[in-house]
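Chemist: Using the working numbering, the letters of the sequence shown map in sequence onto residues 1 to 208.
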Amino acid sequence: MKISLDINGKKQEVDVDPNTPLLWVVRDHLNLTGTKFGCGMALCGACTVHMNGNPIRSCVTPVSSVQGQEITTIEGVTSSDLSKESNAVVEAWEDIAVVQCGYCQSGQIMSATALLKQNPNPTDQDIDGFMSGNICRCATYKRIKEGIKQAAQSMKVASINPSSNDVAINVDDSLFYDVGNEQSTVAQKTESVNASVMDQEGGADHVA
Ligand code: FES
Ligand code: FES
1 MKISLDINGK KQEVDVDPNT PLLWVVRDHL NLTGTKFGCG MALCGACTVH
51 MNGNPIRSCV TPVSSVQGQE ITTIEGVTSS DLSKESNAVV EAWEDIAVVQ
101 CGYCQSGQIM SATALLKQNP NPTDQDIDGF MSGNICRCAT YKRIKEGIKQ
151 AAQSMKVASI NPSSNDVAIN VDDSLFYDVG NEQSTVAQKT ESVNASVMDQ
201 EGGADHVA
């Protein structure tokens, strides 16, 4: 059966069984292999893609069910409608060196991007809840959380000072490790980070 798809902003047509999981169509028919197979049962998150900006598990999504929807894979997310969030996530991932083996990471980035779209200033608890379906066998969870917080912070600074878009933000570790869920403390530290970045003329230190 011929099925029309909108993948990464391009119209595509595939001739497959309508029950074929979207994951296999993306990987085997469209050669977009950044999206990974892990469990095949919606349990690990490795196969996460976006449908209309929301994360879905492509391993259990029949391809016929996404006709007429906007599908984004890891290959297209930095130029999608969620480009602000995804570019902030990718930059933070690189700064912090989140990735270990990398197998789970496209799914992690897709979920982190969707989280920041829905909640640009997530608490630790928000992150734990939203990301709980993305498993990492290398246990990079601490760095993933750091990455999401750094991405949220850089988006916030960029919204205040658009000229800082290309500046990597120097966020001290205590922002990530010591604040717990104390919103007032987070707010104070956030103001302090913003002030220090705004005081510099495009010369914020990079996070090591
Ligand atoms: S492969 Fe889809 S959730 Fe694990
Ligand atoms: S980085 Fe290896 S599985 Fe997550």
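Note that beta-carbon positions come from the ideal geometry of N, C-alpha and C, so glycine has one too.
1. Pair every Cβ in the region 135 to 144 with every Cβ in the region 88 to 105, then say whether three or more of these pairs are closer than 8 Å.
2. Would you tell me roughly how many angstroms separate the C-alpha atoms of Asp128 and Ile160, rounded to the nearest one?
3. Quick check on DSSP: helix, strand or coil for Glu13?
4. Does the region 113 to 124 come into contact with the region 27 to 42, if we say contact requires no fewer than three beta-carbon pairs (one atom in each stretch) closer than 8 Å?
5. Taking its Cβ as the centre, do 16 or more other Cβ atoms sit within 10 Å of Cys47, making it buried, or is it exposed?
6. My parser needs the alpha helix (DSSP H) runs of 4 or more residues fully inside the region 97 to 150; what are they?
7. Indicate the three-state DSSP secondary structure (helix, strand or coil) for Leu82 in the structure shown.
8. If you check the beta carbons only, do Gly53 and Asp81 fall under 8 Å apart?
9. On the DSSP letters alone, give me the boundaries of the beta strand (DSSP E) that Pro162 sits inside.
10. If you measure from the CB of Phe37, is any heavy atom of ligand 1 nearer than 7 Å?
11. For a test of your reading of the model: does the CB of Ala42 fall under 7 Å from any non-hydrogen atom of ligand 1? Yes or no.
12. Keeping to the same chain, check which residues put their C-beta closer than 7 Å to that of Cys44; ignore five residues upstream and five downstream.
13. Could you give the residue range of the beta strand (DSSP E) that holds Lys2?
14. In three-state DSSP terms, what is Asp41?
15. Compute the minimum distance between the beta carbon of Arg143 and the heavy atoms of ligand 2, and state whether it is under 7 Å.
16. Kindly list the residues whose CB is nearer than 6 Å to the CB of Gly76, restricted to its own chain and excluding five residues on each side of it in sequence; keep chain order.
17. May I ask which residues mark the beginning and end of the beta strand (DSSP E) holding Asn54?
18. What would DSSP say about Glu91, mapped onto helix, strand or coil?
19. With a threshold of 16 other CB atoms inside 10 Å of the CB of Met105, please say whether the residue is buried or exposed.
20. Apply the 10 Å Cβ neighbour rule to Glu215 and answer buried if 16 or more other Cβ atoms are within range, or exposed otherwise.
Modeler: Looking at the atomic coordinates:
1. yes
2. 27 Å
3. Taken through DSSP and simplified to helix, strand or coil, Glu13 comes out as strand.
4. Contact between the region 113 to 124 and the region 27 to 42 is absent: fewer than three C-beta pairs spanning the two stretches fall below 8 Å.
5. buried
6. 105 to 118 and 124 to 131
7. coil
8. yes
9. Here Pro162 belongs to no beta strand (DSSP E), and DSSP marks it neither H nor E.
10. yes
11. yes
12. Gly38 and Ile135
13. Lys2 to Ile7
14. Per the sequence shown, the amino acid found at residue 41 is Met instead of Asp. Coil.
15. no
16. Same-chain partners within the cutoff: Asn8.
17. Asn54 to Arg57 is the span of the beta strand (DSSP E), which, as asked, contains Asn54.
18. helix
19. Position check: residue 105 holds Gln in this sequence, whereas Met was assumed. With 16 or more other Cβ atoms within 10 Å, it is buried.
20. Only positions 1 to 208 of the chain appear in this structure, which leaves residue 215 out of reach.
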